[in-house]
Each structure stands twice: as structure tokens, then as C-alpha cells.
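Chemist: Submitted below is the structure of interest, expressed as C-alpha cells.
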Amino acid sequence: MRRRQPGTFDRRELVRQIGTALGRDIPFIEVSREEAIEQLTPAMGDQAEWYVDIDAEMVESPQQANRIVEELTGRPATTFAEWALRNAHRFT
Numbered sequence: 001m002r003r004r005q006p007g008t009f010d011r012r013e014l015v016r017q018i019g020t021a022l023g024r025d026i027p028f029i030e031v032s033r034e035e036a037i038e039q040l041t042p043a044m045g046d047q048a049e050w051y052v053d054i055d056a057e058m059v060e061s062p063q064q065a066n067r068i069v070e071e072l073t074g075r076p077a078t079t080f081a082e083w084a085l086r087n088a089h090r091f092t
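The letter at position 51 of the sequence shown is residue 51 when you use our numbering, and the numbering goes up by one with no holes.
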């Protein structure tokens with residue numbers, strides 16, 4: 001796994017954190033670009049290919065975490081793990 005900037009996570013880690021909030025393991029299944037487009041096309045139509053390509057760019061160059069929430073609100077942003085725990089009931 002490639003190293004990430006502090007505060008950025010890959011999808012595998014985000015799924016792991018949701019699983020932790022739910023108290024169970026959730027498998028992470030990678031699919032090819034073609035499979036992703038095929039699965040998304042019924043819902044997204046012609047935009048599926050664009051979405052998959054943009055998503056791939058974000059994997060290669062993730063947006064760095066920043067402190068803008070803290071600067072604007074005066075308190076730290078909620079972490080993904082905290083959010084997942086607070087919203088675990090929505091995943092069942």
C-alpha cells in the first residue's frame with residue numbers, strides 16, 4: 001500500500017473504519033475500470049466513465065487534509081472514524 005499524507009485514507013481504510021463502527025469485518029473488493037463502469041452505467045449513464053476516471057485520479061493524487069473546519073469553527077473536524085461510529089445505524 002502506498003504511503004498517504006496524514007489525514008488522507010484510501011478506500012480500504014475507510015471501509016475498515018465503517019466495519020469497526022459496525023463491529024464486523026466488511027470485505028473490500030477491488031474491480032477493474034471496465035467492471036466499475038459496467039456496474040455504474042445503469043445508474044449514471046454516460047457519466048459512469050467520467051466518474052471512474054476522476055475517482056482513479058483521486059486515488060493517485062488524494063486531496064490533502066487541511067484544517068479549514070477548525071479555522072472556521074474553532075474546533076477540530078470530525079474524523080471519519082467518529083462520523084462512521086455516529087452514523088453506524090445508517091449502514092444496517
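Ideal placement from N, C-alpha and C gives every residue a C-beta, glycine not left out.
1) Give me the Cα-Cα distance between G74 and I68, rounded to the nearest whole angstrom.
2) How many angstroms separate the CA atom of A56 from the CA atom of I37?
3) Could you compute how far the alpha carbon of M95 sits from the alpha carbon of I18?
4) DSSP on T92, reduced to helix/strand/coil?
5) If A65 and T8 are in contact, beta carbons under 8 Å, what's the gap, nearest whole angstrom?
Modeler: Inspection of the coordinates gives the following:
1) Each residue's alpha carbon lies about 10 Å from the other.
2) Answer to the nearest angstrom: the Cα atoms are 12 Å apart.
3) Absent from the structure is residue 95, since the part of the chain shown begins at 1 and ends at 92.
4) coil
5) 6 Å
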